[in-house]
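Reviewing the structure listed below.
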Amino acid sequence: MESQALIRNPPVVNSRITKKVITRSRTGHAWGEKRLRRPSARKNQQIVVAQPRNDVPQPGPVEYSLEDFDPTFFMGSTLGPLEVVQDLNNEMVLSEFNNHSNTNFPNLQFEGDFTYTEDISQFLEIEERNSLSFELQHIIIGVDTPLERRLFDHFTSSTSTILTTFSGPANPFNSIVLPLAVRDETLMKLLLSLSGSQLLRRYPAGSDPELEKATTRLHQQAQKDQYQRGQDLEARFLDHPSEYTDRDLEVIFARFLVLCLYEICEGSGDGSGNEHVASAGRILTLASTPPKDSVGPPPLHGNLRAKIHPFLLEFYLYHVTLAAVTAPFMPIDMPQYDHITHLLGQDKYVVGVQDGLIKFIARISALRSYADNSDGDLDQYIVETAVQIFKDLEAWEPQATSSRSEYLIASFYKMALFIWLFSIIYPDQKAHRKVQDNVRHIVTEMCEIRSGDGVMACMLFPLFVAGTAAVNKEDKSLIMLHFETLKKWSALGNIDLALKAVKKIWELHEAGVKNSWNWVKQLKISKMSLLVT
């Protein structure tokens, strides 16, 4: 198809490349090497130069005499911002606006129009192609869509900062877990789904259906792959250990921990979080068991055959121990692993692992389970064990290098453990002064913790225990305030579950139900599972 472009402004060739332009005016006069001026009927004709587009108009038009007008001047001028002048086989091609086949341009010399009769459609297509924008894809494999990029950015800037006591951008989930995920698409999907779960809880339910679909899809895909991978590992590892590297074990172990975090964030309350922790424990069992075809003692890393990052081990020990607070029947799996010795000197990312405080949780949980199976009868073993635990707890002190906030959170744990131990010996003495003094200290001193402080990642356990024991209205008001602060900070779903359990215990106490603060019993009745991590 041939298009005609009527030229309003004199055609101009790029000053860096000399081009020859061939065209004709309406009268048929050619512009070539020998150009003739067209006679004018008006000898004193004056030409007014049109203002360029987007320029501020001048106070008045600039006048030129026709005798001073040289059309060859325009042949070497610079292109206007919207004009395209090209030369193909010594024929001039003009293109300006897309989808325009006929465009009129005033000819200043002849006061009329001249027409370019060649086909310019191909150059319109070239201009359209050149105007298309091209965006780079995200450099991380598995972060492919704009929504996945949003989840990735939210994880690195927000979600990762509320999972440990180190709340800065260099937190261990960014510095340790994320590099593992970069090389493992399943782990990356789990991190993205965890980010989506936490992000969704900051908005009203149903407000972002696309985000909900993406989060569910990523989680289901990753969980299916992880289950299959875990089953294959347990079935083949001991017989074929050479098929798995230390990195394989470490990644599968990390996946189970992130799956547990997802259930914590969702607040599912169906026990799946405990199952993922137990699965992580089985990976540790494999990592500490010599293969069947081994000759001589295997190389050990802190009594582990495979090397797993100390942070992942510390994080696991914290969660598997805290899981026993609400499910004391769940065994704490620490197979052939001297966790305290191996972690000494490492950065502290959770409360109580390196300084031995979580050992008291394991001991009290075991005593709670024994007492529940004794039909409420207080025997010598319960008393002697409780007294010994108390003496050890009383002598325990936080590490001298702890900051003020770390010292406070350690004291909260110590007082909460006292309340828990007291409830086993005196199940009907909830209102006793020794209990209420500790409750008041916990809820009052929690006001000193700044919002956003990293220790808030480990504050749910002492808050939950204090909540179950609170009887005074003032203490309950502070407890509600602290729950609200925690929820605003992390948006984790297990906070809602913990508050729901606390409110139920308050109702039972006001109704005169004995031993109402036995949260293990109440959670069983409610058929609810809870991780207070």
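The numbering used here puts the first residue of the sequence shown at 585, with every later residue one more than the last.
All residues carry an ideal CB built from backbone N, CA and C; glycine is no exception.
What you are looking at is a predicted structure, and each value in this text was computed from that prediction instead of being measured.
Asked	Found
Beta-carbon gap between D976 and K1105 smaller than 9 Å	no
CB of N1005 within 9 Å of CB of L951, strictly	Position check: residue 1005 holds Leu in this sequence, whereas Asn was assumed. Their beta carbons are under 9 Å apart, which means L1005 touches L951 by this criterion.
Beta-carbon proximity list for M772, same chain, < 6 Å, skipping 5 on both sides	G726 and A765
Inter-residue Cα distance where the pair is D728 and L941	43 Å
Buried/exposed call for Y811, threshold 16 Cβ in 10 Å	exposed
C-alpha gap between T1052 and W1103, whole angstroms	7 Å
DSSP-derived helix/strand/coil call for V909	helix
Beta carbon of I993 nearer than 9 Å to that of V1049	no
Minimum Cβ-Cβ distance from A907 to chain D less than 9 Å	Any reference to chain D falls outside this structure, which holds one protein chain only.
Exposure of Y582, with buried meaning 16 or more beta-carbon neighbours within 10 Å	No information on residue 582 is available, as it lies outside the stretch 585 to 1117 that the chain covers here.
Coil, strand or helix - S958 by DSSP	coil
Presumed contact (8 Å Cβ cut-off) between F739 and S779, rounded CB distance	4 Å
Contacting residues, own chain, Cβ-Cβ under 6 Å from S856 (five flanking each side not counted)	E847
As assigned by DSSP and simplified to three states, the class of Q804	helix
Pairwise C-alpha distance: A908 and F1045	12 Å
Selected residue, minimal CA-CA separation from L774, among S781, D816, G790 and A806	A806
Counted within 10 angstroms of its Cβ, other Cβ atoms place H903 as buried (16 or more) or exposed	buried
Range covered by the alpha helix (DSSP H) that runs through G865	S856 to A871
A1054 classed as buried or exposed, judged by whether at least 16 other C-beta atoms fall within 10 angstroms	buried
Ordered list of alpha helix (DSSP H) runs contained in the region 755-842, each at least 4 residues	762-766, 769-784 and 793-820
Endpoints, alpha helix (DSSP H) assigned at L1107	W1103 to S1110
Other residues of its chain near D854: CB distance less than 7 Å, five sequence neighbours each side excluded	S1113
Residue from V835, E850 and N1056 with nearest C-alpha to A864	V835
Y1010 versus E1029: straight-line alpha-carbon distance, rounded	26 Å
Beta-carbon proximity of V934 to T743, cut-off 9 Å	no
8 Å CB neighbourhood of F974 in its chain, flanking five on each side removed	F1002 and L1005
Runs of alpha helix (DSSP H) lying entirely within the region 1053-1099, each at least 4 residues, in chain order	1057-1074 and 1077-1094
Backbone CA spacing between A984 and L802 [nearest angstrom]	44 Å
CA-to-CA distance, D959 to P793, given in whole angstroms	49 Å
Q1020 in three-state terms, based on DSSP	helix
E732, enclosing alpha helix (DSSP H) - first and last residue	P730 to S741
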